[in-house]
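For the sequence shown, the working numbering gives the first residue as 35, with consecutive numbering after it.
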Amino acid sequence: MSETEFHDQDENRAAEQIDCVHEDPFDFDEEPLVSLHCLSHTYPDGTRSVHDVSFAVRAEETVGLIGGNGAGKSTLMEHLNGLLDVQEGQLRIQGEQITEDNVELARQEVGFVFQDADSQIVAPTVIDDVMFGPLNYGAPKDEARERAERALDRLDALHLSDRVPHHLSGGEKRLVAIAGVLAMDPSVIVMDEPLAGLDPAREQRVRSVIETLQAEGIGLVIASHDVDFAGSVADRIVVMDDGDIVGSGTPDAVFYDDTLLERANLRPPTAVRVARRLGVEADRPVTEDALVDLLS
Ligand SMILES: Nc1ncnc2c1ncn2[C@@H]1O[C@H](COP(=O)(O)OP(=O)(O)OP(=O)(O)O)[C@@H](O)[C@H]1O
């Protein structure tokens, strides 16, 4: 199917969804870093998990991907770096269509941080684990070590280098998983529930890592059930339900759209609910800080 036909489909779909916020993800001047058109994905057991999805990430933007259990967030994200093949549709990275011949481009340019950090651990020590990606892509050992040390240092985690990854705390494992991705120098990083299971201090650590990555201009896709977190970190929110993207837009547009949130079985962030109770929703605060600024 041609790009134009895909765009026509987007337009048709947008027309069906006039009750919800819905940006065309391709209606921007610049070429996205990553774009995915996925007409459907069916798992081997016959479960059809996403259908007719168009998704894009642009340079320097953070996309918050939200939706209830089984909405299709992980399936969509696993397409972005070629973990799952696009069965019907296409994945483009920096304008280049990904096929089985160049899927390595997707793996290098789009890093994936899994919710379960244990599933990403492959080596007996942290430094070996973080070096694994660069070595696997042909970097000489010295360069791989240098990249791994630099990545751990950026996360203030260099002191973990000689530790056994499986013995680390959940928060430390997540930092190591992020370091493994950073060592590959990707232009986009996809994170599945990056705060899940973390105590407040580790949560703050990962939040500040995300801010660092944003400041460095890395494109981010962050899936989370935590709408407060998604609203505080994302430039754009994409809402999924039952394998479809059912709406997208800026956090204030999405989180004040009750029809959209109800459809996806989501509640608005705390700041939105409090702003409504206080009668100050006209200014559309989405975060605690925005609400406090409004009231002070
Ligand atoms: N390996 C698999 N085999 C069969 N079905 C699967 C597989 N992985 C996911 N699914 C199904 O695909 C659908 C979408 O699942 P997915 O994990 O993408 O949703 P999600 O939005 O990430 O959910 P959650 O928030 O619960 O993690 C669900 O119906 C799920 O049961």
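Yeah, the Cβ is synthetic: ideal placement off N, Cα and C, and Gly gets one too.
| Query | Result |
| --- | --- |
| Secondary structure, beta strand (DSSP E): runs of 3+ residues fully inside the stretch 209 to 251 | 222 to 226 |
| Sub-8 Å separation of residue 84 and residue 106 beta-carbons | yes |
| Inter-residue spacing [alpha-carbon to alpha-carbon] between residue 136 and residue 247 | 26 Å |
| Identified DSSP bridge partners for residue 89 | 70 |
| Chain-order list of residues whose beta-carbon lies under 7 Å from that of residue 320 (same chain, five-residue window excluded) | 265, 285, 286, 289, 303, 305 and 306 |
| Meets three-Cβ-pair contact criterion under 8 Å: the stretch 219 to 234 and the stretch 251 to 265 | yes |
| Cβ shell of residue 148 (< 8 Å), same chain only, five flanking positions each side left out | 154, 211 and 226 |
| For residue 318, the first and last residue of its enclosing alpha helix (DSSP H) | Unbroken run through residue 318: none, as it is neither H nor E. |
| Cβ-Cβ distance between residue 142 and residue 220 below 8 Å | yes |
| Three-way DSSP call (helix, strand, coil) for residue 278 in this model | strand |
| According to DSSP, residues forming a beta bridge with residue 137 | The partner list for residue 137 (beta bridge, DSSP) is empty, contrary to what the question assumes. |
| Spatial neighbours of residue 229 in its chain, beta-carbon cut-off 8 Å, leaving aside the 5 residues before and after | 237, 240, 241, 258, 260 and 263 |
| Distance, residue 75 Cα to residue 276 Cα | 12 Å |
| Which of helix, strand or coil DSSP assigns to residue 50 | In this predicted model, residue 50 has a pLDDT of only 36, less than 50, meaning its place in the structure is not dependable enough to derive any value. |
| Among 67, 65 and 71, nearest to residue 279 - alpha-carbon criterion | 71 |
| For residue 100 and residue 217, the rounded distance between their alpha carbons | 27 Å |
| Any residue whose CB is nearer than 6 Å to a heavy atom belonging to ligand 1, listed in chain order | 77, 79, 81, 83, 101, 103, 104, 105, 106, 107, 108 and 109 |
| Classification of residue 122 by the beta-carbon crowding that lies within 10 angstroms, buried from 16 upward | exposed |
| Which of helix, strand or coil DSSP assigns to residue 293 | helix |
| One or two residues paired with residue 122 in a DSSP bridge | 74 |
| Candidates 91, 156 and 158: closest to residue 144 by CA position | 91 |
| Status (buried if at least 16 other CB within 10 Å, exposed otherwise) for residue 326 | exposed |
| Bridge partner(s) assigned by DSSP for residue 132 | According to DSSP, which records beta bridges pairwise, residue 132 is partnered with nothing at all. |
| Helix, strand or coil at residue 192 according to DSSP, with G and I counted as helix | helix |
| Residue range of the beta strand (DSSP E) that includes residue 167 | It is not in any beta strand (DSSP E) - residue 167 instead sits in the alpha helix (DSSP H) that spans 160 to 170. |
| Host beta strand (DSSP E) of residue 267 (start-end) | That residue, residue 267, is in no beta strand (DSSP E); its alpha helix (DSSP H) goes 261 to 267. |
| Segment limits, alpha helix (DSSP H) that includes residue 109 | 107 to 114 |
| Whole-angstrom distance between residue 183 and residue 170, CA atom to CA atom | 16 Å |
| Per-residue burial, residue 205 [other beta carbons within 10 Å of its own, 16 or more giving buried] | buried |
| Assigned secondary structure, residue 308 (DSSP; H/G/I helix, E/B strand, else coil) | helix |
| Distance between residue 208 and residue 88 (C-alpha atoms, nearest Å) | 29 Å |
| Three-state secondary structure (DSSP) of residue 39 | Unreliable placement is indicated for residue 39, whose pLDDT of 41 sits below 50; the coordinate value is still reported in the next sentence. Reduced to three states, the DSSP call for residue 39 is helix. |
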